[in-house]
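A short write-up of the structure that comes next.
Chains as they are written, first to last, in the working numbering: chain X, 86 to 285; chain D, 23 to 80.
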């Protein structure tokens with residue numbers, strides 16, 4: 086067990102501790118096959134725990150990141166490339182929102198220009214095809230709703246660069262700062278804790 | 023271990039060390055306890071490691 090403590094034994098915020106030299110050295114030495122957080126993720130994978138997941142990304146390497154949904158039985162098992170894709174989710178959502186708003190604007194304009202009919206039961210939607218193709222791409226019209234959604238993902242270079250800067254800073258810190266003091270404090274605290282538990 | 027959406031039945035057994043980071047709200051023992059229970063069938067106790075804030079020591 087490793088406690089989130091600083092060099093003098095005071096508690097540190099967990100995410101801050103996870104990018105510290107002490108935590109990274111301890112983690113790297115144990116070559117984990119899987120990493121998991123105790124807090125559950127959203128059942129439909131709509132939520133990204135951004136700060137925590139970036140810290141996991143720094144340490145994950147070839148391991149799997151398990152995102153559990155307990156008490157539900159589902160687990161999302163992610164590799165580092167999967168995690169890097171998640172870091173771009175905010176940009177994806179913003180871009181999709183902008184495209185959707187522009188599409189609705191065009192469809193609304195077409196409806197207004199056609200005299201704002203109160204009902205439109207026509208089986209054909211030819212008047213909307215141009216707008217759909219223009220904003221979402223032609224492949225969307227032939228999509229079978231089972232295969233991956235044929236939308237071009239936004240460029241992920243920006244979010245990848247942000248993550249690399251975080252990882253670089255953490256690794257540079259790990260290379261420069263001695264950890265003997267912190268590990269000594271941690272060991273003493275854990276020994277004290279174990280001794281207290283035995284006395285109960 | 024497969025990638026993507028799976029269940030605990032498919033996760034087990036995990037061959038290697040497992041790191042559990044206790045990032046639940048301090049004191050939410052039921053949430054952390056559920057994960058320990060789920061991992062119980064997936065990883066050998068000697069291969070389970072934990073990172074937590076000192077509040078969890080009680």
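Just so you know, even glycine gets a beta-carbon here, dropped at the ideal spot from N, CA and C.
Interface residues of chain X facing residue i [CB-CB closer than 7 Å]
i: residue 54 of chain D; result: 123
i: residue 49 of chain D; result: None at all; the shortest Cβ gap to chain X is about 12 Å.
Chain-ordered chain D contacts of residue i [CB-CB under 8 Å]
i: residue 158 of chain X; result: 29, 30 and 31
i: residue 117 of chain X; result: 38, 39, 40, 41 and 71
Listed by chain order, chain X residues near residue i by CB distance under 9 Å
i: residue 74 of chain D; result: 86, 87, 88, 89, 99 and 123
i: residue 46 of chain D; result: 122, 123, 124 and 125
Residues that DSSP places opposite residue i in a beta bridge
i: residue 39 of chain D; result: X:117
i: residue 90 of chain X; result: X:96
i: residue 27 of chain D; result: X:161
i: residue 112 of chain X; result: Residue 112 of chain X pairs with nothing; no bridge assigned.
i: residue 248 of chain X; result: Bridge partners of residue 248 of chain X: none, in fact.
i: residue 152 of chain X; result: X:161
Reduced DSSP secondary structure (H/G/I, E/B, other) of residue i
i: residue 142 of chain X; result: helix
i: residue 122 of chain X; result: strand
i: residue 174 of chain X; result: helix
i: residue 234 of chain X; result: coil
i: residue 58 of chain D; result: helix
i: residue 210 of chain X; result: coil
i: residue 71 of chain D; result: strand
i: residue 168 of chain X; result: helix
i: residue 134 of chain X; result: coil
Within chain D, the residues that residue i reaches when beta carbons sit closer than 9 Å
i: residue 126 of chain X; result: By Cβ distance, chain D contributes nothing, its closest Cβ being about 11 Å from residue 126 of chain X, past 9 Å.
i: residue 96 of chain X; result: 75, 76 and 77
i: residue 162 of chain X; result: 23, 24, 25, 26, 27, 28, 32 and 33
Neighbour list for residue i in chain X, Cβ cutoff strictly below 8 Å
i: residue 60 of chain D; result: 153 and 155
Sequence-distant residues of the same chain with beta carbon closer than 7 Å to residue i, five excluded per side
i: residue 145 of chain X; result: 120, 165 and 168
Own chain partners of residue i with C-beta closer than 8 Å, once the 5 adjacent residues on each side are dropped
i: residue 245 of chain X; result: 169, 172 and 173
Beta-carbon proximity list for residue i, same chain, < 6 Å, skipping 5 on both sides
i: residue 53 of chain D; result: 46
Within chain D, the residues that residue i reaches when beta carbons sit closer than 7 Å
i: residue 137 of chain X; result: 45
Quick one: which residues of the stretch 164-187 of chain X get their C-beta closer than 8 Å to a C-beta of chain D? List them in chain order.
164 and 167
Output needed in chain order: residues of the stretch 100-115 of chain X with a Cβ under 9 Å from some Cβ in chain D.
100, 102, 103, 108, 111, 112 and 115
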